[in-house]
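Positions in the sequence shown are counted from 1; adding 10 to them yields the working numbering. A short write-up of the structure that comes next.
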Amino acid sequence: MKSAVKQPSVALIKLKNILFATDFSPASLTALPYAAALARRYASKIYLAHIIMPEAYPLHALELTSPAKLEREAHERLAEMSDLNLLSEIPHQSLVVHGPLTPALAQTVHDHEIDLVVVGTHGRSGFNRFLLGSVAEEIFRNSPCPVLTVGPHSARKGLQDTQEKMLRHVLYPSDLSETSLHAAPYAFSLAAAYAAHLTVLAAVPEESATGSEARLLARAFEDEVQLLIPAELEPWRDAECVVETGAPADVVLRTATKRQADLIVLGVRRATALATHRGANVAYRVVVGAECPVLTIGAQDESSDGLLNLLGQWGEASFRERDFGIH
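Following this line, the structure appears as structure tokens:
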């Protein structure tokens, strides 16, 4: 049977170099244990990085504090961080970078061949977020590589737990669009690496599928997900497929809490001109609202009608013809 969606190339991921980006706030430092845990798991090198951004300092502050002093203070704080027991036996290096956030981050990722960026966020919302922006969102919308964001509600469990299994349950929301499919290799690979339970979640707006349509869509969704999983990850063909109706961000957060997910893996669109200021978008709401870290994998802005195409391409009679046992 031919899949209705394009299948991604799924392979075990490699995390040779991890960039831990910090502004030295308590919120950002909560993400360091996650970076350390992943580095130990994947034998990675950690780059402890602080970006000195002109836009982060009021003009009068820059007049009173020279860039050289800011850099010196940053190196001192990174040196203190380097001495933490948390980083013992993990290769690591400190970096202080100058410039606007997005280009400075992109250049650092390129120069050091970074495979993953790890950040913590305080989760600003509302008017403050509109005025000041969300640094975490700017990072995950623009980063050339995947970003692990530890939000303000993330519990101290899961990836940084060094006892027994560090990752027990991975939640992968997908609408089968090109954007969400970019995240599939990471969801399947991390679940395999940690022998974790994998739940693949489809969040369908209530007006899009109700009653019998929702049941048909659930069966079709499970069928499509099975076709995404390659032979080398055969055990994860038993991944649990769930279809829930409601607002996507609410469905993801509710499901993650109910199923005690340790990690959410989410495909996101690359930044557009108004990406950060266009309201409570799904990715941002999930990142700041989740009780576990969120791994985002960026893709170019693509149509996100993959899941709903299943309803458009297959009416109820067509679903019956696919031998889903619905009569």
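C-beta: ideal position from N, C-alpha, C; glycine also.
### 6 Å CB neighbourhood of A271 in its chain, flanking five on each side removed
Excluding five sequence positions before and after A271, the CB atoms of its chain that fall closer than 6 Å to its own CB belong to H179, L181, C302, given in chain order.
### Query
With DSSP run on the structure shown, which of helix, strand or coil describes K79?
helix
### Task
Using 10 angstroms around the beta-carbon of L416, count the other beta-carbons present and answer buried if the total reaches 16, otherwise exposed.
Nothing can be reported for residue 416: it is not among the residues displayed for the chain, which extend from 11 to 337.
### Task
Confirm, please, whether the CB-CB distance from E148 to Q191 is below 8 Å.
The question names Gln, but residue 191 in the sequence shown is Leu. Going by C-beta atoms, L191 is not nearer than 8 Å to E148.
### Message
Taking DSSP's pairing of strands, which residues face I28 in a bridge?
### Response
Paired residues: I56, L126.
### Query
Whose CA, out of R87, E250, E123, lies closest to the CA of V106?
For V106, the closest C-alpha among the options R87, E250, E123 is that of R87.
#### Entry: Enclosing beta strand (DSSP E) for I149 [first to last residue]
First-last for I149: 145-152, but that is the alpha helix (DSSP H), not the beta strand (DSSP E).
### Message
Going by DSSP in three states, L340 sits in which element: helix, strand or coil?
### Response
Outside the displayed span of the chain (11 to 337) sits residue 340, for which this structure offers no information.
### Task
Determine the DSSP secondary structure at T209, reduced to helix, strand or coil.
strand
### Query
Can you tell me the Cα-Cα spacing of A194 and A114, whole angstroms?
28 Å
### Message
Quick check on Q117: does DSSP put it in helix, strand or coil?
### Response
helix
### Task
Using three-state DSSP, classify A193 as helix, strand or coil.
coil
### Task
Kindly confirm or deny that the region 25-33 and the region 123-133 touch, where touching means at least three C-beta pairs closer than 8 Å.
As far as the Cβ criterion goes, the region 25-33 touches the region 123-133, which means the pair count is three or higher.
### Own chain, CB closer than 6 Å to P258, minus 5 neighbours either side, in chain order
A213, V292
### Query
Would you say A45 and I56 are within 8 Å of each other, going by their C-beta atoms?
yes
### Query
If you draw a straight line from the C-alpha of H120 to the C-alpha of E216, how long is it?
42 Å
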